[in-house]
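Working notes, beginning with the structure itself.
Chains as they are written, first to last, in our numbering: chain A, 1 to 411; chain B, 1001 to 1109.
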């Protein structure tokens, strides 16, 4: 039940997510299995069954019910957790919006996978991106340790009275969920210093179940009422949560000694970089190796890990654009019909609009449906950025202004 | 204001009154109060009318009324608050001696 000493465990990304829920003293878990997430809730069921974790474990008949039951549990004033992926998240979608609209600090990990049809279960962030406008904070983890740490930080951010919104912590299916790495599991005394206290019997400040203080939520508001204003408030708090995210990352580093940049983004060798590649999830970490190898060859390149997609770190993207001449923005997701075809690159372009900065943004899409992205390929992406900077020449075979890198050419 | 609402039932104002979005609670909430949805008697098409001659004071209408608009009088009979009665007709349906008749509102104009 308790973790007295720090431990280094050789575990998969999914198990790291389960350990994070245990470390965060989650009280209610609702679960429905889906590949590649299943191991998260399986591991948690073991923790609960063995008495290692004093939590309620609810087995339900669908993902829609997962979130519905977590909403109920959270309204009752408990710390809640679940995990899902791909189609499961899509099926859950209605309740995903309800959770944010009710301003509940639910945390859910997503072992991201490609959306069907055709069936696909491998790394692709289109599932979590599809919930872009639901009102959930959205973070990406790039390593096994970051899954664990990201969940811990998520509770601290979400339960802040100034935020009170749910959060996704997403990581690539299989590439992180099913591979094994050493992960530091933190001891209780340190966790206690970092995590907010569990909600008491009074529940959350804004919603509770208490016969002495009866209230109803989720009722109808006419167009002349404050519906518009309540929606606007979600955006307002989401924007304001950026400083809480930064503060949390700083505090996390102080207590646990692991740095995640400013919480919103994490830069790698950007100080003297001439071109930069922005990535989400595991590819961001792999890009650091590409940077190291290219720097040995004498190229001044840098990498940026976008940790948060929601709220979107507009200011940070502008600052990166001020430093470099060309930015490649890599999406491991598709946003059909959007300006660039990828969600992150569209946002980056929009961030620079009206700033007068003439940094070129090259939208790149790669790794869709778990397609292998090698370090070599990422080095080539960097080299294309360098060529674009030196000659102004765009890569060949761009499709609708975007480089769809790694599409098959069968000879 | 919403912090007072969260604190205790007794300290709550009769109506929530917010001037702008900055004053709003994180979520829209409503709490039990008299006529919080306005004067819902306006919705009524049929009006339940109690015939005191047939009434046995059993209290079924009072128990079944989903809106809590039927009150017990001192003389043991029941009265209906027509300002809030929506005219659903459950009381008339449940009355074991058929002492409640649903009459068209137009008959009273």
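We treat Cβ as the ideally placed atom computed from N, Cα and C, and that holds for glycine.
Whole-Å CB distance - residue 260(A) paired with residue 307(A), under 8 Å assumed: Numbered from its first residue, the first chain carries residue 260(A) at position 260. Numbered from its first residue, the first chain carries residue 307(A) at position 307. Correct: roughly 6 Å between the Cβ atoms.
Coil, strand or helix - residue 22(A) by DSSP: Working through the first chain from its first residue, we reach residue 22(A) at position 22. In the structure shown, residue 22(A) falls within a helical segment according to DSSP collapsed to helix, strand and coil.
Residue 101(A) versus 145(A), 167(A), 84(A) and 179(A), residue with shortest Cα-Cα distance: Counting from 1 along the first chain, the entry for residue 101(A) is found at position 101. Residue 167(A) is the option with its Cα nearest to residue 101(A).
Within chain C, the residues that residue 1024(B) reaches when beta carbons sit closer than 7 Å: Although the question refers to chain C, the structure presented lacks it and instead comprises the protein chains A and B.
C-beta neighbour in chain A for residue 1009(B), strict 8 Å: Working through the second chain from its first residue, we reach residue 1009(B) at position 9. Answer yes: the Cβ-Cβ gap between residue 1009(B) and chain A drops below 8 Å somewhere.
Cβ-based burial, residue 1091(B) [other Cβ within 10 Å; buried from 16]: To locate residue 1091(B), count along the second chain from 1; it is residue 91. Within 10 angstroms of the beta-carbon of residue 1091(B) lie 16 or more other beta-carbons, which makes it buried.
Inter-residue spacing [alpha-carbon to alpha-carbon] between residue 1012(B) and residue 1024(B): For the purposes of this step, residue 1012(B) is taken as the residue at position 12 of the second chain. For the purposes of this step, residue 1024(B) is taken as the residue at position 24 of the second chain. The straight-line gap from Cα to Cα measures roughly 15 Å.
Cβ pair count under 8 Å reaching 3, the stretch 1071-1090 of chain B against the stretch 1035-1053 of chain B: The stretch 1071-1090 of chain B, when compared against the stretch 1035-1053 of chain B, does touch it at the 8 Å Cβ threshold.
6 Å Cβ shell around residue 317(A) - same chain, five flanking residues per side excluded: Here residue 317(A) corresponds to residue number 317 of the first chain, with the count starting at 1. Counting only residues of its own chain and dropping the five nearest sequence neighbours on each side, residue 317(A) has a CB closer than 6 Å to the CB of 348 and 351.
Chain-ordered neighbours of residue 1032(B) on chain A, where CB pairs are closer than 9 Å: Walking along the second chain from the start, residue 1032(B) turns up at place 32. Annotation: Cβ neighbours of residue 1032(B) in chain A (cutoff 9 Å, chain order): 214, 215 and 216.
Exposure of residue 227(A), with buried meaning 16 or more beta-carbon neighbours within 10 Å: Residue numbering aside, residue 227(A) sits at position 227 when the first chain is read from its first letter. Taking all protein chains shown into account, residue 227(A) has fewer than 16 neighbouring C-beta atoms within 10 Å of its C-beta and is therefore exposed.
Listed by chain order, chain B residues near residue 219(A) by CB distance under 8 Å: Your numbering for residue 219(A) matches position 219 in the first chain. Contact of residue 219(A) with chain B by beta-carbon distance below 8 Å involves 1028 and 1030.
Residue 296(A) burial status per 10 Å Cβ neighbour count (16 or more: buried): As a working mapping, residue 296(A) is identified with position 296 in the first chain. That one is exposed.
Reduced DSSP category for residue 1069(B) - H, G, I as helix; E, B as strand; rest coil: As a position in the second chain, residue 1069(B) is number 69, starting the count at 1. Correct three-state label for residue 1069(B): coil.
Any C-beta of chain A under 8 Å from that of residue 1018(B): Along the second chain, one-based indexing puts residue 1018(B) at 18. So, interface residue.
Candidates 281(A), 325(A) and 326(A), of which the one nearest residue 366(A) by Cα: The sequence position of residue 366(A) within the first chain is 366, counting from 1. Selected option, being the one with the closest Cα: 281(A).
Integer-rounded CB distance, given that residue 373(A) should sit under 8 Å from residue 244(A): Translated into the one-based positions of the first chain, residue 244(A) becomes position 244. Translated into the one-based positions of the first chain, residue 373(A) becomes position 373. In this structure residue 244(A) is not in contact with residue 373(A), their Cβ atoms being roughly 32 Å apart against a cut-off of 8 Å.
For residue 302(A), the residue or residues it bridges with in DSSP: Here residue 302(A) is taken as the residue at index 302 of the first chain, counted from 1. Beta-bridge partners of residue 302(A) (DSSP): 276(A).
At least three beta-carbon pairs within less than 8 Å, the stretch 318-325 of chain A to the stretch 263-281 of chain A: Three or more Cβ pairs drawn from the stretch 318-325 of chain A and the stretch 263-281 of chain A lie within less than 8 Å of each other, which places the two stretches in contact.
Nearest-angstrom Cα separation, counted from residue 359(A) out to residue 345(A): Residue 345(A) sits at position 345 when you count from the first residue of the first chain. Residue 359(A) sits at position 359 when you count from the first residue of the first chain. Using only the alpha carbons, I get a separation of about 13 Å.
Nearest-angstrom Cα separation, counted from residue 129(A) out to residue 272(A): Here the question's residue 272(A) lines up with position 272 in the first chain. Here the question's residue 129(A) lines up with position 129 in the first chain. Spanning the two alpha carbons is a distance of roughly 32 Å.
Distance, residue 1009(B) Cα to residue 185(A) Cα: Position 185 of the first chain, counted from the first residue, corresponds to residue 185(A). Position 9 of the second chain, counted from the first residue, corresponds to residue 1009(B). If you take the alpha carbons of residue 185(A) and residue 1009(B), they lie about 44 Å apart.
Residue 164(A) at chain B interface by Cβ criterion, 8 Å: Locating residue 164(A) in the first chain gives position 164, counting from the first residue. Residue-level contact by beta carbon holds for residue 164(A) and chain B, with a gap shorter than 8 Å.
Within chain B, partners of residue 64(A) - CB distance below 8 Å: Here the question's residue 64(A) lines up with position 64 in the first chain. Near residue 64(A) there are no residues of chain B at all, since even the closest Cβ is about 21 Å away, more than 8 Å.
C-beta neighbour in chain B for residue 205(A), strict 8 Å: Counting from 1 along the first chain, the entry for residue 205(A) is found at position 205. Put simply, the CB of residue 205(A) is near chain B, with a gap under 8 Å to one of its CB atoms.
Straight-line Cα distance separating residue 1001(B) from residue 1084(B): Counting from 1 along the second chain, the entry for residue 1084(B) is found at position 84. Counting from 1 along the second chain, the entry for residue 1001(B) is found at position 1. C-alpha of residue 1084(B) to C-alpha of residue 1001(B): approximately 27 Å in a straight line.
Proximity of residue 361(A) and residue 329(A) at Cβ, strictly below 8 Å: Counted from its first residue, the first chain places residue 361(A) at position 361. Counted from its first residue, the first chain places residue 329(A) at position 329. Closer than 8 Å, so yes.
Chain-ordered neighbours of residue 1021(B) on chain A, where CB pairs are closer than 9 Å: For the purposes of this step, residue 1021(B) is taken as residue 21 along the second chain, with counting starting at 1. Simply 226, 228, 229, 230, 232, 233 and 236.
Inter-stretch contact (C-beta, 8 Å, three-pair minimum) for the stretch 170-179 of chain A and the stretch 110-118 of chain A: Verdict: yes, contact present.
Neighbour flag for residue 102(A) against chain B, beta carbons, 8 Å: Within the first chain, the letter at position 102 stands for residue 102(A). Yes - at least one Cβ of chain B is within 8 Å of the one on residue 102(A).
Alpha carbon of residue 394(A) to alpha carbon of residue 388(A), nearest angstrom: Here the question's residue 394(A) lines up with position 394 in the first chain. Here the question's residue 388(A) lines up with position 388 in the first chain. Here the C-alpha atom of residue 394(A) lies approximately 6 Å from the C-alpha atom of residue 388(A).
Test item: CB-CB of residue 294(A) and residue 379(A) under 8 Å: Against the first chain, residue 294(A) aligns to sequence position 294. Against the first chain, residue 379(A) aligns to sequence position 379. Closer than 8 Å, so yes.
Proximity to residue 337(A) [Cα-Cα], best of 289(A), 278(A), 207(A) and 401(A): Taking the first residue of the first chain as 1, we reach residue 337(A) at position 337. Closest in alpha carbon position to residue 337(A), among 289(A), 278(A), 207(A) and 401(A), is 401(A).
DSSP-derived helix/strand/coil call for residue 3(A): Within the first chain, the letter at position 3 stands for residue 3(A). Here residue 3(A) sits in coil by DSSP.
Run of the beta strand (DSSP E) containing residue 400(A), from where it starts to where it stops: Translated into the one-based positions of the first chain, residue 400(A) becomes position 400. Unbroken run through residue 400(A): none, as it is neither H nor E.
Residues bridged to residue 108(A) [DSSP beta-bridge criterion]: The count along the first chain starts at 1 and reaches residue 108(A) at position 108. Residue 108(A) is bridged to 82(A) and 168(A).
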